[in-house]
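Colleague: Those letters in the sequence shown? Residues 1 to 429, per UniProt numbering, in order.
My questions will all concern the structure given below.
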Amino acid sequence: MVSINDRQPRIVGYCAPANTLRASRTVTCSHVDRREPVAVGRGQKDRIMAIQLFVPTFDVEACLDEIRECLEKGWTGAGFKTIEFEEAWKDYTGLPHAHFLNSATSGLHLALDIYKELYGWEDGDEVLTTPITFVSTNHAILHANLKPVFVDVDEFLCLDPDDVERKITPRTRAIVFVGLGGNTGQLARIHDICHRNELIFVLDAAHMAGTKRDGKTPSGDVTVHSFQAVKNLPTADAGMICFADGGLDAVARRKSWLGINKDTYARAADASAYKWQYEVQSVGYKYHGNSIMAAIALAQLPHLDAHNARRRAIGVLYDKGFAGHPHIATVPTAPGCCSSRHLYQIMVQDREKLIADLNARGINTGVHYRNNLEYPMFADQHAACPKAAELSQRVLSLPLHPQLSDNDVARVIEAVCACVEERKSLANA
């Protein structure tokens with residue numbers, strides 16, 4: 001087998017044609033090929049290359065080598081590759097335990113389900129959470145028959161510790177902290193609040209692959225990472241659940257495989273003749289990851305630090321380009337945070353018009369995220385987080401991925417500033 005260290009990897013990204021996007025809609029997650037020309041102006045001669053929001057970047061040969069090993073051995077489910085990636089992830093992060101799953105969403109639900117069962121939480125007990133996140137964070141709380149209680153956000157778009165303190169009640173059992181865009185926000189204060197109030201600290205680290213805080217990987221009582229297709233370490237979809245407690249890691253391994261006490265790979269490796277004898281100790285889920293996704297993750301992991309460094313360098317270019325602009329604010333990175341830079345976010349007025357204007361110029365943007373309290377299912381708390389409500393109407397994610405060139409970034413900055421100024425001129429006319 002060829003080692004990725006023995007050759008120059010072919011790094012490519014998958015994208016869909018630019019004409020699959022409409023300028024009139026908010027794009028939360030786009031794959032637009034900047035090699036695909038889009039019409040800007042009046043005719044074909046004006047066609048330029050689109051700059052997309054996200055591009056998953058793959059080391060193709062390394063991925064194929066790892067996948068081929070699975071196929072040649074005839075083992076594509078949970079097994080030798082998932083074990084190998086779990087060990088690699090523990091080495092990379094320094095976390096003591098890691099269990100590979102089919103998604104981070106599964107991991108969040110699994111974590112809350114385990115704590116609820118083992119700690120005797122009741123249906124309707126409360127979990128403090130953020131309204132500025134992908135809905136899977138808060139669906140996980142509901143799937144565990146717990147109540148999400150929404151907390152307002154700070155300038156980092158992470159949980160505001162002061163509002164956290166205000167919203168703790170006798171029924172509060174846990175806090176879910178989302179490291180939005182790779183930011184650590186005021187994580188240390190949230191951790192201290194959990195410790196003082198004997199609450200479980202769940203870190204939703206879906207955006208935080210490679211983030212460091214004061215030189216260390218951020219973690220909670222349980223930490224959940226994502227390896228979904230457009231994350232910093234992309235596969236097709238997968239996740240990792242990392243408990244601080246080894247006993248809970250063992251429970252997670254059973255519950256993620258339907259409550260069975262020994263997975264198929266472990267039984268197949270057993271020297272005894274009783275490979276089909278196992279115990280089902282509790283109700284569980286089919287949340288375990290597979291070796292194909294783990295194979296891709298293993299191929300991608302050696303590139304994570306370099307890709308994140310490029311993301312941070314792009315962030316610096318954006319920071320310089322927007323510095324001092326009277327109508328464009330940027331979301332700051334928390335002190336002590338070396339961010340994975342999954343997102344670069346700005347704050348603007350008339351966001352929807354700006355999205356349309358930029359899309360017409362071949363620049364695709366996103367919104368991370370719509371305020372969850374706007375969804376009908378959370379209408380009972382619609383007024384709970386006024387700052388989140390205001391910022392979610394202004395936040396805009398700009399293109400950010402390792403394949404962006406400095407010229408691409410300069411083009412985005414120029415276009416954003418020009419579009420904002422045009423809107424202001426029209427408003428003042």
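Where is the CB? At the ideal position from N, CA and C, for every residue including glycine.
Computed from a prediction, not measured in an experiment: that's the story for all the values here.
For a test of the three-state rule: what should DSSP assign to Ala236, helix, strand or coil?
Modeller: As a first step, residue 236 must be located in the sequence shown, where it is residue number 236. Coil at Ala236, not helix or strand.
Colleague: Could you pull the DSSP bridge partners for Gln186 from this structure?
Modeller: In the sequence shown, residue 186 corresponds to position 186, counting from 1. According to DSSP, which records beta bridges pairwise, Gln186 is partnered with nothing at all.
Colleague: Pick out whichever of Lys147, Leu146, Thr211 has its Cα sitting closest to the Cα of Val178.
Modeller: If you number the sequence shown from 1, residue 178 lands on position 178. Closest option to Val178, Cα to Cα, is Thr211.
Colleague: How big is the Cα-Cα spacing for Ile48 and Thr333?
Modeller: Position 48 of the sequence shown, counted from the start, is the residue given in the question as residue 48. Position 333 of the sequence shown, counted from the start, is the residue given in the question as residue 333. One C-alpha to the other measures close to 33 Å.
Colleague: What are the start and end residues of the beta strand (DSSP E) that includes Glu126?
Modeller: Taking the first residue of the sequence shown as position 1, residue 126 is located at position 126. Taken as a continuous stretch (DSSP letters only), the beta strand (DSSP E) holding Glu126 covers 126-129.
Colleague: Is it right to say Val38 is buried, meaning 16 or more other beta carbons lie within 10 angstroms of its own, or is it exposed?
Modeller: The count along the sequence shown starts at 1 and reaches residue 38 at position 38. Confidence at Val38 is low in this model, with a pLDDT of 45, below 50, so the placement of that residue should be treated as unreliable; the coordinate-derived value is given next. So Val38 ends up on the buried side.
Colleague: Go ahead and pull the three-state DSSP assignment for Arg173.
Modeller: Here the question's residue 173 lines up with position 173 in the sequence shown. If DSSP states are grouped into helix, strand and coil, Arg173 belongs with the strands.
Colleague: Using DSSP's beta-bridge definition, name the partner residues of Met347.
Modeller: Within the sequence shown, the letter at position 347 stands for residue 347. Its beta-bridge partners are Ala329, Val395.
Colleague: Is Ala209 closer than 9 Å to Leu233 when the C-beta atoms are compared?
Modeller: Residue numbering aside, residue 233 sits at position 233 when the sequence shown is read from its first letter. Residue numbering aside, residue 209 sits at position 209 when the sequence shown is read from its first letter. Yes, Cβ-Cβ distance for Leu233 and Ala209 is below 9 Å.
Colleague: Would you mind reading off the limits of the beta strand (DSSP E) that contains Ser226?
Modeller: As a position in the sequence shown, residue 226 is number 226, starting the count at 1. Per DSSP, Ser226 belongs to the beta strand (DSSP E) from 222-226.
Colleague: Counting along the chain, where does the alpha helix (DSSP H) carrying His139 start and finish?
Modeller: One-based indexing of the sequence shown puts residue 139 at position 139. Residues 136-143.
Colleague: Please confirm if the segment 312-324 is in contact with the segment 125-134, defined as three or more CB-CB distances below 8 Å between the two stretches.
Modeller: Result no; under three Cβ-Cβ pairs closer than 8 Å.
Colleague: Excluding five sequence neighbours on each side, which residues of the same chain lie with their C-beta closer than 7 Å to the C-beta of Val164?
Modeller: The residue labelled residue 164 in the question sits at position 164 within the sequence shown. Taken in chain order, the residues that qualify are Leu128, Val151, Ile175, Ile190, Ile193.
Colleague: Taking its Cβ as the centre, do 16 or more other Cβ atoms sit within 10 Å of Leu71, making it buried, or is it exposed?
Modeller: Your numbering for residue 71 matches position 71 in the sequence shown. Label assigned to Leu71: exposed.
Colleague: Where are the alpha helix (DSSP H) runs, 4 residues long or more, that stay fully inside the segment 74-104, in chain order?
Modeller: Entirely contained in the segment 74-104, the alpha helix (DSSP H) runs reaching 4 residues are, in chain order, 80-93.
Colleague: Taking its Cβ as the centre, do 16 or more other Cβ atoms sit within 10 Å of Thr217, making it buried, or is it exposed?
Modeller: Working through the sequence shown from its first residue, we reach residue 217 at position 217. Its Cβ being crowded by 16 or more others within 10 Å, Thr217 is buried.
Colleague: If we ignore side chains and look at the alpha-carbon of each, how far apart do Asn145 and Gln393 end up?
Modeller: To locate residue 145, count along the sequence shown from 1; it is residue 145. To locate residue 393, count along the sequence shown from 1; it is residue 393. Roughly 30 Å between the two C-alpha positions.
Colleague: Where does Glu374 land, buried or exposed, given buried means 16+ other C-beta within 10 angstroms?
Modeller: Taking the first residue of the sequence shown as 1, we reach residue 374 at position 374. Looking at its Cβ environment, which holds fewer than 16 other Cβ atoms inside 10 Å, Glu374 is exposed.
Colleague: Less than 8 Å between the CB of Ala383 and some heavy atom of the ligand GDP, yes or no?
Modeller: As far as ligands go, the structure on display features none, and thus does not contain the ligand GDP.
Colleague: Whose C-beta lies closer than 7 Å to the C-beta of Phe85 among residues of the same chain, with five residues either side of it excluded?
Modeller: Here residue 85 refers to the residue found at position 85 of the sequence shown. Once the five neighbours on either side are set aside, the close Cβ partners of Phe85 are Phe100, Ala294, Ala297, Leu298.
Colleague: Buried or exposed: which applies to Glu339, given that a residue is buried once 16 or more other Cβ atoms fall within 10 Å of its Cβ?
Modeller: Position 339 of the sequence shown holds residue 339. The sequence shown places Ser at residue 339, not Glu. With 16 or more Cβ atoms within 10 Å of its Cβ, Ser339 is classed as buried.
Colleague: Does any CB atom of chain D fall closer than 9 Å to the CB of Asp162?
Modeller: Of the chains in the structure shown, none is chain D; there is only one protein chain.
Colleague: Can you say whether Met240 is buried or exposed, counting buried as having 16 or more other CB atoms within 10 angstroms of its CB?
Modeller: Residue numbering aside, residue 240 sits at position 240 when the sequence shown is read from its first letter. Buried, because 16 or more other Cβ atoms sit within 10 Å of the Cβ of Met240.
Colleague: Can you tell me which of the three DSSP states Arg253 falls into?
Modeller: Counted from its first residue, the sequence shown places residue 253 at position 253. Helix.
Colleague: Reducing DSSP to helix, strand and coil, say where Cys385 ends up.
Modeller: As a first step, residue 385 is located in the sequence shown; it is residue number 385 there, counting from the start. If DSSP states are grouped into helix, strand and coil, Cys385 belongs with coil.
Colleague: Is Asn371 buried or exposed, if buried means 16 or more other CB atoms sit within 10 Å of its CB?
Modeller: By one-based count along the sequence shown, residue 371 stands at place 371. Burial call: buried.
Colleague: Take Leu396 and list the residues in its own chain whose beta-carbon comes closer than 8 Å to its own, dropping the five residues that flank it on each side.
Modeller: As a working note, residue 396 is residue 396 in the sequence shown. Gln345, Ile346, Met347, Val348, Arg351, Leu354, Ile355, Thr365, Gly366, Val367, listed in sequence order.
Colleague: Taking C-alpha atoms, which residue in Phe227, Tyr369, Ile413, Thr169 lies nearest to Pro56?
Modeller: Position 56 of the sequence shown, counting from 1, holds the residue named residue 56. The shortest Cα separation from Pro56 among Phe227, Tyr369, Ile413, Thr169 belongs to Phe227.
Colleague: Within the same chain, show all residues whose beta-carbon is closer than 6 Å to that of Thr93, passing over the 5 residues directly before and after it, in chain order.
Modeller: Within the sequence shown, numbered from 1, the residue matching residue 93 stands at position 93. Only Thr217 meet the Cβ criterion.
Colleague: Indicate the three-state DSSP secondary structure (helix, strand or coil) for Ile168 in the structure shown.
Modeller: On the sequence shown, residue 168 is found 168 positions in, with the first residue counted as 1. If DSSP states are grouped into helix, strand and coil, Ile168 belongs with coil.
Colleague: Using only CA atoms, which one of Ile83, Leu110, Asp319 lies nearest to Ser136?
Modeller: The count along the sequence shown starts at 1 and reaches residue 136 at position 136. Closest option to Ser136, Cα to Cα, is Leu110.
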